[in-house]
Each structure stands twice: as structure tokens, then as C-alpha cells.
Amino acid sequence: MTDMHAEGRSSRQPPSDAPPSEGLARSGQRRQLTPEEAAQMEEKIRKVELAISLVLRIGVVVSVAVISVGLGLMFAHHGSYVPIRGHFSYRKLTSRSTPFPHTFSALGRALARGEGRGIVVLGVLILILTPVLRVAVGVLSFIYEKDPPMTIVTLYVLAVLIGSFFLAGV
Amino acid sequence: MRELQRTTDCSYNTCVTPLDFVVSLALISVAAGVLGSLIGLGGGVVIVPVLTLLYHVDIRLAIGASIVSVIATSSGAAAAYVRERMTNLRAGMFLEIATTTGAVSGAYLTTILPARFLFVFFGLVLGYSSFATFRRRHVAEPLSVSNDRIANYFDLHGSYYDPAEDREISYKVVGTKLGLGLMYVAGLVSALLGIGSGALKVPAMDSAMHLPMKVSSATSNFMIGVTAAASAGVYFIRGQIDPIIAAPVAAGVLLGATFGARVLGRVTSKTVRLVFVIVLVVISLEMLQKGIFP
Chain X
0 MTDMHAEGRS SRQPPSDAPP SEGLARSGQR RQLTPEEAAQ MEEKIRKVEL AISLVLRIGV
60 VVSVAVISVG LGLMFAHHGS YVPIRGHFSY RKLTSRSTPF PHTFSALGRA LARGEGRGIV
120 VLGVLILILT PVLRVAVGVL SFIYEKDPPM TIVTLYVLAV LIGSFFLAGV
Chain V
0 MRELQRTTDC SYNTCVTPLD FVVSLALISV AAGVLGSLIG LGGGVVIVPV LTLLYHVDIR
60 LAIGASIVSV IATSSGAAAA YVRERMTNLR AGMFLEIATT TGAVSGAYLT TILPARFLFV
120 FFGLVLGYSS FATFRRRHVA EPLSVSNDRI ANYFDLHGSY YDPAEDREIS YKVVGTKLGL
180 GLMYVAGLVS ALLGIGSGAL KVPAMDSAMH LPMKVSSATS NFMIGVTAAA SAGVYFIRGQ
240 IDPIIAAPVA AGVLLGATFG ARVLGRVTSK TVRLVFVIVL VVISLEMLQK GIFP
């Protein structure tokens with residue numbers, strides 16, 4: 000039975016106690032790795048994990064920063080939003096007829112005028128694009144790990160994601 | 000003004016102002032982020048009922064906010080889970096084949112299938128999967144052998160370090176075909192109803208594919224962002240993403256998810272399963288109610 004330890008997938012257990020790998024599934028492609036190769040593979044996988052984690056963190060931090068700036072500007076530009084006790088209800092901003100940018104041209108105009116809500120929408124779009132970027136990094140990392148089956152899998156996911164944005168008419 | 004005074008948010012000439020709204024929604028969103036990241040469901044489970052029932056926000060805008068909260072939970076928590084090796088990256092990315100395909104085909108099926116039917120169907124499916132998860136509540140030991148050819152070919156097995164048990168746990172994956180099928184349905188439902196993609200992903204991995212519960216939750220968290228992103232473009236163009244709702248939701252959920260990701264390591268798989276079952280029962284009842292008494 001193929002055991003993961005022999006292939007260096009487990010990073011915290013020593014490879015010495017693992018039974019020999021037979022390359023059960025992809026026979027011919029898999030052979031038992033030497034300890035040096037296993038250590039190299041392990042290091043590569045760790046690098047990939049850290050790269051994906053970093054992409055997600057950067058996306059999250061940038062989008063929160065942009066959203067906060069936008070929200071701050073919304074309140075700075077509209078004095079009636081601010082008081083805790085006031086005559087201005089939030090429902091004027093959350094009804095179906097509330098105007099806010101939802102096309103790229105409208106977003107561009109709102110950003111050019113320095114409108115807070117435009118900047119918030121930009122931050123939300125950065126947040127939406129973070130998982131797409133994460134899949135793109137996944138493709139690159141499986142190429143780096145020299146793993147053709149998983150490269151094809153992630154390429155397919157990336158293609159469907161990008162396709163979905165075009166289908167939406169973005 | 001007369002119209003506003005009829006509603007609950009204005010009384011004695013003072014209203015819930017945008018500032019009150021943003022601050023209170025951000026605080027609720029922090030809680031939604033903690034819960035969503037812990038059980039791998041995303042924050043939408045809390046956000047949609049809060050927005051529609053408490054703030055009387057239009058359901059279409061609430062679903063847009065839910066998509067934002069799901070992506071925020073996913074990215075916020077996954078950054079930590081991936082670094083701590085709790086997520087099974089390979090299984091997650093492999094199963095995304097089915098979820099993204101389901102999400103895109105769901106966008107076309109909206110016109111064919113009536114929503115009521117979907118709510119009833121999905122309510123029953125979730126009711127069953129909460130039962131299946133509950134039955135597995137004492138199962139802690141993962142599989143050590145797998146004859147699943149797909150799982151072996153793509154090498155989807157893995158191991159993780161469990162801080163609650165203070166040991167490295169390695170596990171084998173089985174039932175990939177059933178898992179892929181359930182993931183396709185999860186993607187489909189997520190696009191059709193705007194909710195519930197994690198609610199099917201966790202049982203698919205925990206019960207059908209025998210991944211450890213914590214790994215299922217962390218991997219579901221990792222995947223829901225991609226499933227939601229596949230339908231987020233549609234929501235943006237349709238004008239369902241309202242900045243004054245999205246801003247506090249995104250910021251609050253991100254903060255909560257980052258915190259929730261620290262909690263998962265310390266609690267036991269049994270606790271995670273029980274919390275998951277409770278939330279799942281609530282969602283399935285909610286769905287059945289929407290389908291039967293709309």
C-alpha cells in the first residue's frame with residue numbers, strides 16, 4: 000500500500016519508519032524517493048503553502064484597508080450619516096432604489112470623483128478577486144511541484160472562474 | 000418621512016442612523032466570522048437572517064452581502080489554516096472542479112427550477128446530512144488505508160498537526176466519486192440560492208470522504224471562497240452589492256474569521272461536529288419553512 004510518508008507529504012514524521020512506496024496508482028511515474036529528494040519535495044510543498052497563505056493575507060489586508068478608507072470618506076462627505084440620534088434612517092441607503100455603482104464605468108466615474116462608496120466597491124472587488132488569484136497561484140505552484148495532473152485540475156478551475164466572470168457580462 | 004415612521008427603525012423622530020447601522024452590523028459580522036470559520040460554512044448563515052429579519056433589508060441585497068461575507072470568511076480563515084497545514088490543499092483544489100462547474104451550471108438552471116422546490120429539496124438533504132454527521136460524532140480515528148483509485152492517483156491523502164491532541168494525524172481519503180457528486184450539488188445550490196455551499200461541503204468531506212472533521216471544516220473554508228467568487232460577478236452586475244452593507248460585513252467578518260481560525264486548532268473534532276450539526280438543523284428547518292410556507 001502506498002504510504003504518504005515515503006513521498007514526503009507528511010512533514011513532521013521521519014521518513015525512516017515508512018514502508019517502501021510501490022507507486023500503486025501512477026505506476027511507472029512514482030518511484031521511491033531518496034531521503035534528499037523527499038526533503039526537497041517537502042520544502043517545495045511548504046513554500047507553496049506559504050505562498051498561498053501570503054496571497055490570501057495580502058488580498059484580505061488590502062481590501063480591508065480600501066474598504067475602511069471608503070467607509071470613512073462616506074461618513075466624512077455626508078454629515079447626516081454620522082449622528083447616533085438623527086432623522087436620517089439607514090434604510091434610505093439600503094433600499095432597492097439606492098444608487099450605488101455596479102458597473103465598471105459607473106465605478107470609474109465614482110472613483111474619479113473620490114466618492115466613498117466607489118472606494119468601498121473597489122475594496123469589495125479586490126476581496127472577490129482574492130480567491131481567483133489564489134487559484135492562479137495554485138496553478139503556478141503545481142507547475143513548480145512538477146505535478147501535471149494537479150496542474151490540469153487547477154487550470155480547469157481557473158478557466159471556469161474566469162469564464163464565469165465573462166458569462167456574467169462583467 | 001411618513002413612510003419611514005411606520006417602520007420600526009424610527010421612533011419619536013429619531014432613527015437608526017447609518018452610523019448605528021454600520022457599527023451594529025460590523026459587531027454582528029465579527030460573530031458571524033467566528034462561527035463561519037469554525038465550522039467551515041462561511042458567514043452567510045448568520046448574515047442573511049440578520050439583514051432580512053432584524054434590519055428589514057431586501058433579500059436580494061442580503062444575498063449579495065452574504066456572498067461578500069462567504070469570501071471574507073474563506074480568505075480570512077484560510078490564510079491561517081493553510082499556514083498551519085490544517086487545510087488539505089490538494090483535496091480542496093481537486094474538489095473545486097465540481098463546485099465551480101456546479102456554480103456555473105446553476106446560473107443557467109435558475110430559470111428552469113422553481114426556488115420553492117429547491118428549498119424543500121435542499122432542506123431535506125441538509126436534514127439528512129446533519130443526521131449523518133451526528134451519527135459520526137464519536138468517530139475520531141481517520142482511515143489508514145484507501146483503495147480509492149482517484150484519491151491515490153491525485154494523491155489526496157494528507158496529515159495535519161492537531162494542537163488539541165498534541166500529535167500529528169495522518170489520514171486517507173476514500174469515496175472521491177460520491178464526494179465529487181456532492182460538491183457539484185453544493186456548487187449548484189450555492190449559485191441557485193446564494194447560500195449553503197459549505198453546508199454540503201463539510202458532510203461531503205467528513206461523512207463521504209472520511210477526512211477528519213477539522214480538516215473538512217478548514218478545507219471547506221478554503222473552497223467556499225472560490226465557489227462564491229464564481230457567482231460574485233453576477234451579483235455585482237445585478238447591483239446586489241450595496242457598499243454601506245458590504246463594508247461593515249466584509250470588515251467585521253474578516254476580523255471574526257481571523258480569530259475563529261485560532262480557535263479551531265484548540266477544540267476537539269467532536270465539539271466542531273456538534274456545533275456544525277446544530278447550525279445545520281437550524282438551516283434545514285429554515286429552508287423547509289421557506290419552501291413550504293413562503
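Line order of the protein sequences matches chains X and V. Counting along the first sequence from 1, when you hit position 168 you're at 167 in numbering that gives the first Met the number 0, and nothing is skipped either side. Counting along the second sequence from 1, when you hit position 273 you're at 272 in numbering that gives the first Met the number 0, and nothing is skipped either side. A virtual CB, placed ideally from N, CA and C, is assigned to each residue, including glycine.
Taking Cβ positions only, does Met149/X come closer than 8 Å to chain V? Output row for Met149/X: interface = yes.
Per DSSP, cross-strand counterpart(s) of Asp205/V: For Asp205/V, which the question treats as bridged, DSSP gives no partner whatsoever.
For Leu55/X, which residues in the same chain have their Cβ closer than 7 Å to its Cβ, ignoring the five residues on either side in sequence? The answer, listed in chain order, is Thr129, Arg133.
Figure out for me which residue from Ile161/X, Ala64/X, Tyr143/X, Ser163/X has the closest Cα to the Cα of Ile44/X. Its Cα nearest to that of Ile44/X, the residue Tyr143/X stands out among Ile161/X, Ala64/X, Tyr143/X, Ser163/X.
Shortest alpha-carbon distance to Ser104/V belongs to which of Thr33/X, Gly162/X, Glu41/X? Nearest C-alpha to Ser104/V: Gly162/X.
Hey, out of Ala229/V, Leu125/V, Pro162/V, Leu179/V, whose CA is closest to Leu263/V's CA? In terms of CA proximity to Leu263/V, Pro162/V leads the group Ala229/V, Leu125/V, Pro162/V, Leu179/V.
When you compare each of Ala150/V, Leu18/V, Thr218/V, Ala256/V to Lys171/V by their alpha carbons, which one comes out closest? Closest option to Lys171/V, Cα to Cα, is Ala150/V.
Please classify Arg166/V: does DSSP put it in a helix, a strand, or coil? DSSP places Arg166/V in strand when its eight states are reduced to three.
Please confirm if Ile240/V has its CB atom under 8 Å from at least one CB of chain X. Yes, its Cβ sits closer than 8 Å to a Cβ of chain X.
To which residues of the same chain is Ser219/V closer than 7 Å at the C-beta, ignoring the five residues directly before and after it? Sequence-distant Cβ neighbours of Ser219/V in its own chain, meaning closer than 7 Å and more than five residues away, are Gly39, Gly197, Lys200, Val201, Met204.
State yes or no: is the beta carbon of Thr6/V nearer than 8 Å to at least one beta carbon in chain X? Summary for Thr6/V: the model assigns pLDDT 49, below 50, so the residue's position carries little reliability, and this model does not support an answer.
Contacts of Tyr143/X in chain V (Cβ-Cβ under 9 Å): Chain V residues near Tyr143/X: none, gap ~13 Å exceeds 9 Å.
For the beta strand (DSSP E) containing Ser36/V, list its first residue and its last residue. Ser36/V -> not in any beta strand (DSSP E); alpha helix (DSSP H) instead, spanning 17-38.
Which one of Ser206/V, Val21/V, Ser23/V, Val67/V has the shortest CA to CA distance from Gly42/V? Put simply, of Ser206/V, Val21/V, Ser23/V, Val67/V the residue whose alpha carbon is nearest the alpha carbon of Gly42/V is Val67/V.
Span of the beta strand (DSSP E), counted from its first residue to its last, around Ser67/X: Counted as a single uninterrupted DSSP element, the stretch harbouring Ser67/X is not any beta strand (DSSP E) but the alpha helix (DSSP H) occupying residues 34-76.
Helix or strand or just coil, what does DSSP make of Ile54/V? A quick correction: the sequence has Tyr, not Ile, at residue 54/V. Correct three-state label for Tyr54/V: coil.
By DSSP, does Ser104/V sit in helix, in strand, or in coil? The three-state secondary structure of Ser104/V, taken from DSSP, is helix.
Could you tell me how far apart the beta carbons of Ala61/V and Thr51/V are, in whole angstroms, since I believe they sit closer than 8 Å? Right, the Cβ-Cβ distance comes to about 5 Å (below 8 Å), so this counts as a contact.
Compare the C-alpha of Ile70/V against each of Gln288/V, Ala97/V, Ile46/V, Met286/V and name the closest. Cα-wise, what sits closest to Ile70/V is Ile46/V.
Return no unless some Cβ of chain X is closer than 8 Å to the Cβ of Gly224/V. Yes, because at least one Cβ of chain X sits closer than 8 Å to the Cβ of Gly224/V.
Comparing alpha-carbon positions, which option in Ala78/V, Ile291/V, Val184/V, Lys289/V lies nearest Ala97/V? Shortest Cα-Cα distance from Ala97/V to any of Ala78/V, Ile291/V, Val184/V, Lys289/V involves Val184/V.
For Ser158/V, which residues does DSSP report across the bridge? Bridge partners of Ser158/V: Ser169/V.
Taking only beta-carbon positions, decide if Ile46/V is within less than 8 Å of chain X. Output row for Ile46/V: interface = no.
Check the Cβ-Cβ distances between Ala24/X and every residue of chain V, and say whether any is below 8 Å. Because the pLDDT of Ala24/X is 41, which lies under 50, any placement of that residue in the model is unreliable, and the number read from its coordinates should be weighed accordingly. Cβ-Cβ to chain V under 8 Å: yes for Ala24/X.
Going by other Cβ atoms of all chains shown within 10 Å of its Cβ, with 16 needed for buried, is Thr93/X buried or exposed? It counts as buried.
Can you give the Cα-Cα distance for Leu191/V and Glu285/V, rounded to whole angstroms? If I take the Cα positions, the gap works out to 16 Å.
Would you give the residue range spanned by the alpha helix (DSSP H) that Asn151/V belongs to? From DSSP, the alpha helix (DSSP H) with Asn151/V extends over 148-153.
Can you tell me whether Gln28/X is buried or exposed, with buried defined as 16 or more other CB within 10 angstroms of its CB? For Gln28/X, the pLDDT reaches just 45, beneath the cut-off of 50, and the residue's location in the model is therefore unreliable, leaving the point undetermined.
Outcome for Arg247/V when other beta-carbon atoms lying within 10 angstroms are tallied against a minimum of 16: Before going on, a small fix: residue 247/V reads as Pro here, not Arg. Pro247/V should be labelled buried.
Among Glu164/V, Leu287/V, Phe120/V, Gly174/V, which has the Cα closest to the Cα of Ser145/V? Checking every option, the nearest Cα to that of Ser145/V belongs to Gly174/V.
Applying the criterion that 16 or more other CB atoms from any shown protein chain within 10 Å of the CB defines a buried residue, is Ile151/X buried or exposed? Exposure of Ile151/X is indicated by the presence of fewer than 16 other C-beta atoms within 10 angstroms of its C-beta.
Roughly how many angstroms lie between the CA atoms of Ser169/V and Leu53/V, to the nearest whole one? Going by the C-alpha atoms only, they are around 44 Å apart.
Anything in chain V within Cβ reach of Val159/X, meaning under 9 Å, just list it in chain order. Under the 9 Å cutoff, chain V gives Glu95, Ile96, Thr99, Thr100, Ala102, Val103, Ala229.
Quick one: residues in its chain with C-beta nearer than 7 Å to the C-beta of Val65/X, no 5 flanking neighbours on either side, listed in chain order? Excluding positions up to five away in sequence, the list reads Ile118, Leu121, Gly122, Ile125.
Quick check: is the beta carbon of Gly113/X nearer than 8 Å to any beta carbon in chain V? For Gly113/X, no Cβ of chain V is located within less than 8 Å of the residue's own Cβ.
Flag this pair as touching only if the region 253-263 of chain V and the region 119-127 of chain V have three or more C-beta atom pairs under 8 Å; answer yes or no. Because the criterion of three Cβ pairs below 8 Å is not met, the region 253-263 of chain V and the region 119-127 of chain V do not touch.
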